[in-house]
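Structure record follows, encoded as structure tokens.
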Amino acid sequence: MPAEHWKDEPEAHDFPAAGDYLSLVFPPGDAAQLVEALQAAETVHRKAKDLLRAGRLPLLPPDDPHVKSDLAKVAGGKRLSPVLLVRGRAEKDVPLTVADGYHRICASYHLDEDAEVPCRLVGLP
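For the sequence shown, the residue numbers in our numbering are 271 to 395.
In structure tokens form, the structure reads like this:
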């Protein structure tokens, strides 16, 4: 597998996908605000294992269809799009929200749980 398997910038279609998900867990105005913030945010890097822990998300198996597809992309030399995240609030018991890229995080974990995953990370409005 290639050591580097990430693109520098998210795909354009990742932002509407994030908006669709965020509109299920936040009021529509807040979801739109978060998407705008994600578009403007700088890319940071975090470990896949930490993202799963902060989001309280289970690791999907490598045979999950979407994870398998992402692993096949990497094996074929394609790079994955950075993930889009909304910061949690520990003092309010609110976990990290993966707005787009859960399957990519899991695929990256299966490749190397300590590898740095590029992320756009924004706070709650």
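All C-beta atoms, glycine included, are put in the ideal place defined by N, C-alpha and C.
Note to self: Are the CB atoms of Asp300 and Leu394 within a distance shorter than 9 Å?
What the structure shows: As a first step, residue 394 must be located in the sequence shown, where it is residue number 124. As a first step, residue 300 must be located in the sequence shown, where it is residue number 30. Their beta carbons are under 9 Å apart, which means Leu394 touches Asp300 by this criterion.
Check: So, is Leu294 buried or exposed, given that buried needs 16 or more other C-beta atoms within 10 angstroms?
Finding: Residue numbering aside, residue 294 sits at position 24 when the sequence shown is read from its first letter. Exposed, since its Cβ has fewer than 16 Cβ neighbours within 10 Å.
Next item on the list: Report the option in Val356, Asp340, Asp290 whose CA atom is closest to the CA atom of Ser378.
Entry: As a first step, residue 378 is located in the sequence shown; it is residue number 108 there, counting from the start. It is Asp340.
Note to self: Assuming the contact rule is C-beta atoms closer than 8 Å, Val368 and Val353 should be a hit. Round their C-beta distance to whole Å, please.
What the structure shows: Along the sequence shown, one-based indexing puts residue 368 at 98. Along the sequence shown, one-based indexing puts residue 353 at 83. That belief holds up - the Cβ atoms of Val368 and Val353 are roughly 6 Å apart, short of 8 Å.
Margin query: Given a cut-off of 9 Å on the beta-carbon distance, is the pair Asp284 and Asp382 in contact?
Written below: Locating residue 284 in the sequence shown gives position 14, where the first residue counts as 1. Locating residue 382 in the sequence shown gives position 112, where the first residue counts as 1. It is not a contact, given that the beta carbons lie outside the stated cut-off.
Notebook entry, point to check: Any chance the CB of Ser339 is under 8 Å from a heavy atom of the ligand NAD?
Noted result: Although the ligand NAD was asked about, the structure shown includes no ligands whatsoever.
Check: Roughly how many angstroms lie between the CA atoms of Met271 and Val344, to the nearest whole one?
Finding: Indexing the sequence shown from 1 puts residue 271 at position 1. Indexing the sequence shown from 1 puts residue 344 at position 74. Bear in mind that the predicted position of Met271 carries a pLDDT of just 49, short of 50, making it too unreliable to give a figure here.
Next item on the list: Check the C-beta distance from Ala282 over to Val305 and give it rounded, since I have them as a contact under 8 Å.
Entry: Taking the sequence shown and counting its residues from 1, one reaches residue 282 at position 12. Taking the sequence shown and counting its residues from 1, one reaches residue 305 at position 35. No, Ala282 and Val305 are not in contact; Cβ-Cβ is about 12 Å, not under 8 Å.
Notebook entry, point to check: Is the beta carbon of Ala324 sitting closer than 9 Å to the one on Gly358?
Noted result: By 1-based counting over the sequence shown, the position of residue 324 is 54. By 1-based counting over the sequence shown, the position of residue 358 is 88. Yes, these two residues count as a Cβ contact at 9 Å.
Checklist line | Option in Leu355, Asp384, Pro328 with minimal Cα separation from Leu292 | finding: Within the sequence shown, residue 292 is the residue found at index 22, counting from 1. Closest by alpha carbon: Leu355.
Item checked: Extent of the continuous beta strand (DSSP E) run through Val368 -> The count along the sequence shown starts at 1 and reaches residue 368 at position 98. Element bounds for Val368: 367–370.
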